[in-house]
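Single-structure report; data block below.
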Amino acid sequence: MKAVVIREFGNPDGLEVVDLPVPVPAPGQVRITTEAIGVGGVDAVIRRGTLAAYGFREGHLLGSEVAGSVTAVGEGVDASWMGRRVWAFTGLSGGYAEQAVASVEDVLLLPDGLTGADAVTLGGSGVVAHFALDRARFAPGETVLVRGAAGSIGITAVQLAAKGGAGAVAVTTSSAERGTRLRDLGATHVLDRSGEGGSDAPAGFDVVIDVVGGPQLSLFLDRLNPNGRYVAVGVVGGQPPADFGMRLMDAFRKSLSFATFSSDTVPGSDRQAVRSSQFDDAVHGDLRTVVHEVLPLDQAVLAHRAMDAGKVFGRVVLAP
Ligand SMILES: NC(=O)c1ccc[n+]([C@@H]2O[C@H](COP(=O)([O-])OP(=O)(O)OC[C@H]3O[C@@H](n4cnc5c(N)ncnc54)[C@H](OP(=O)(O)O)[C@@H]3O)[C@@H](O)[C@H]2O)c1
Numbered sequence: 203m204k205a206v207v208i209r210e211f212g213n214p215d216g217l218e219v220v221d222l223p224v225p226v227p228a229p230g231q232v233r234i235t236t237e238a239i240g241v242g243g244v245d246a247v248i249r250r251g252t253l254a255a256y257g258f259r260e261g262h263l264l265g266s267e268v269a270g271s272v273t274a275v276g277e278g279v280d281a282s283w284m285g286r287r288v289w290a291f292t293g294l295s296g297g298y299a300e301q302a303v304a305s306v307e308d309v310l311l312l313p314d315g316l317t318g319a320d321a322v323t324l325g326g327s328g329v330v331a332h333f334a335l336d337r338a339r340f341a342p343g344e345t346v347l348v349r350g351a352a353g354s355i356g357i358t359a360v361q362l363a364a365k366g367g368a369g370a371v372a373v374t375t376s377s378a379e380r381g382t383r384l385r386d387l388g389a390t391h392v393l394d395r396s397g398e399g400g401s402d403a404p405a406g407f408d409v410v411i412d413v414v415g416g417p418q419l420s421l422f423l424d425r426l427n428p429n430g431r432y433v434a435v436g437v438v439g440g441q442p443p444a445d446f447g448m449r450l451m452d453a454f455r456k457s458l459s460f461a462t463f464s465s466d467t468v469p470g471s472d473r474q475a476v477r478s479s480q481f482d483d484a485v486h487g488d489l490r491t492v493v494h495e496v497l498p499l500d501q502a503v504l505a506h507r508a509m510d511a512g513k514v515f516g517r518v519v520l521a522p
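All residue numbers for the sequence shown refer to the numbering used here, where the first residue is 203 and numbers rise by one.
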């Protein structure tokens, strides 16, 4: 089968299309003939070699999220899965391939009317957006800021906050054109990456959902209202300054909260329940997915170049 591996850490040209043996599902796993493969920011981080200390090596087969049809089941898996169209989480490896394996607990039936591309755009990121707002104890009427809203996590967070009755949904983004697209999805105020602009934006926010992190994180802590909650879900802008916690202590009398959130800490059955409900919402048009571009699997290098150039709004999808 055709697959894409990291021949050499670094820029996208280090990706290589190779022929690999078709994987055999282990006990508890299914094999999926892929029709859509999600390309995530974390794939670029692994490709650059940034996570080599965590055991990622050259030769790694990228990809964690696929959609397609079940074509084999491992021992102990109900044969009724055969032929079903599914979404699946493959872990941090194995997705960029014509055939992928996943544990049956990480597989979800696709509802009629949902494309594979939509499924891999919403499947992982929608759950992060949902539970991040939940951990922030977001309530109707509150003001929300989504920092780094132009990716698939932010795009869903904006929609969920708007539908949840937020008093205002501000976003940070890098261009007016993106701001217009985010307004169309429910944003009420558009700020630049530093949090400036949007002259009529609220001075403070009850909830911040942050996909970016990085050196400017402290600036956004300052934007929390008293009793405000800040939930960090990503680090696309790098790690925050080591002393950012002092900002919270300096604002002691505002009773602020800072949390990291990883969907790994949510029980699998809860993740699947939310994912299933979001897939239904997408079918009915109640939740929109933004597929930036669908490229052939063997053009994964173009997908990574687009990500590195900051050109992706939503998600790039590979189609074998
Ligand atoms: N918490 C979890 O459970 C979980 C699960 C999966 C992934 N993640 C994490 O989520 C992140 C990826 O999320 P995503 O796919 O939604 O994001 P993304 O598409 O990679 O990035 C979102 C947006 O952030 C902005 N951005 C990029 N670099 C920036 C910088 N240096 N400073 C300020 N803004 C910047 C860009 O928008 P503009 O150009 O418009 O500013 C970009 O479109 C990764 O850190 C990944 O590890 C977390």
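Note that the Cβ used here is the ideal one computed from N, Cα and C, for glycine as well. Source: prediction; values computed, not measured.
- Between residue 299 and residue 497, the gap from beta carbon to beta carbon reaches 9 Å or more.
- Annotation for residue 373: the continuous beta strand (DSSP E) segment containing it runs 370-374.
- DSSP, reduced to helix, strand and coil, places residue 256 within a helical segment of the structure shown.
- Check the Cα spacing between residue 494 and each of 209, 383 and 443: the tightest is with 383.
- Restricting attention to 231, 337 and 413, the CA atom closest to the CA of residue 467 is found in 337.
- Counting only the Cα atoms, residue 452 lies some 43 Å from residue 484.
- Annotation for residue 243: the continuous alpha helix (DSSP H) segment containing it runs 243-250.
- Under the three-state reduction of DSSP output, residue 461 falls in the strand class.
- Note that the C-beta distance between residue 327 and residue 354 is below 9 Å.
- A Cβ-Cβ distance of about 7 Å is found for the pair residue 323 and residue 516, placing them in contact under the 8 Å criterion.
- Beyond the five residues adjoining it in sequence on each side, residue 459 comes within less than 6 Å, by CB distance, of 431 in the same chain, given in chain order.
- By the neighbour-count criterion, in which a residue is buried when 16 or more other Cβ atoms sit within 10 angstroms of its Cβ, residue 434 is buried.
- For residue 517, the enclosing beta strand (DSSP E) has its first and last residue at 517-521.
- Residue 279 and residue 301 have their C-alpha atoms spaced approximately 18 Å apart.
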